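Residue numbers (this note's numbering): 23 to 292. Positions of the beta carbon are idealized from the N, C-alpha and C atoms, including for glycine. Just so we're clear, the structure is a prediction, and the values are computed from it rather than from any experiment. To start, the structure under review is shown below, and the notes come after it.
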């Protein structure tokens, strides 16, 4: 059954050779997310010696080299942002073909659905963490949110809905900052897609580039990944990934693979 599923996916990918369809489908995007998760774990586990203090590491290279490359694992966030922007753009593109509702009304439904799904999963995990903290470290919540009511309740709710970093309020875990970025992406992408359709891919990407490097964002997380959102949207809008994968130097399949390999090696070393 596993191999039959693989063959079906390969067949589906092969159908895009004619130019229809998208080779970067749900299966491939999930594979990329899996790679991003591995990078995330590598980054957080080996970024600094204090992360693995008390454990013995047997390495074929120096500890400094391990920490150096673990630092690059933060690219996992860019991968998550790119895949999210890509998938949501594809969803908005499909609305134009299938939905009979006006664009803004249909996009509002997509945004609400994505937010409910995102926050539903996060709140479930968040409350589980809170429960564990109440058992193992009863005083941790008071240290984080304070003891004054209703201020501590407000801080708790803002953290639970992933927007603590936006308002500079206390957060139980620093890594919860990503959900604020994910919420921003979902909320702003319908407007950005509306601009993309009217400006075209090249002008839109130039606009995103100029905004990213000339406008000061109060939230550094948005500033760091704003251009990545634009890249993911343009890749989806132009089907760029499929075009790159299916690009052929020559008609011969074997010779074409060899030339692609040589080109990749040249780009790597040069």
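Relative to residue 243, the option among 180, 199 and 192 whose CA is nearest is 199.
Here residue 112 is buried, its C-beta having at least 16 other C-beta atoms within 10 Å. Taking C-beta atoms as the reference points, residue 107 and residue 251 count as a pair closer than 8 Å. The closest CA to that of residue 218, considering only 97, 78 and 259, is found on 259. When Cβ pairs closer than 8 Å are counted between the two stretches, the segment 64-75 is seen to touch the segment 85-92, the count reaching three or more. In chain order, 180 place their CB closer than 7 Å to the CB of residue 189, counting only its own chain and leaving out the 5 sequence neighbours on each side. For residue 80, the three-state secondary structure derived from DSSP is coil. Along the segment 231-266, the alpha helix (DSSP H) occurs as fully enclosed runs of 4 or more residues at 242-260, listed in sequence order. With a beta-carbon spacing of about 15 Å, residue 185 and residue 133 fall beyond the 8 Å limit used to define contacts.
In this chain, the alpha helix (DSSP H) harbouring residue 173 covers 173-182. Here residue 248 has 230, 233, 234 and 239 as same chain residues with Cβ atoms under 8 Å from its own Cβ, once five neighbours each way along the sequence are excluded.
If you draw a 10 Å sphere on the C-beta of residue 99, you find 16 or more other C-beta atoms in it, and that means buried.
At the C-beta level, residue 148 and residue 115 stay beyond 8 Å of one another.
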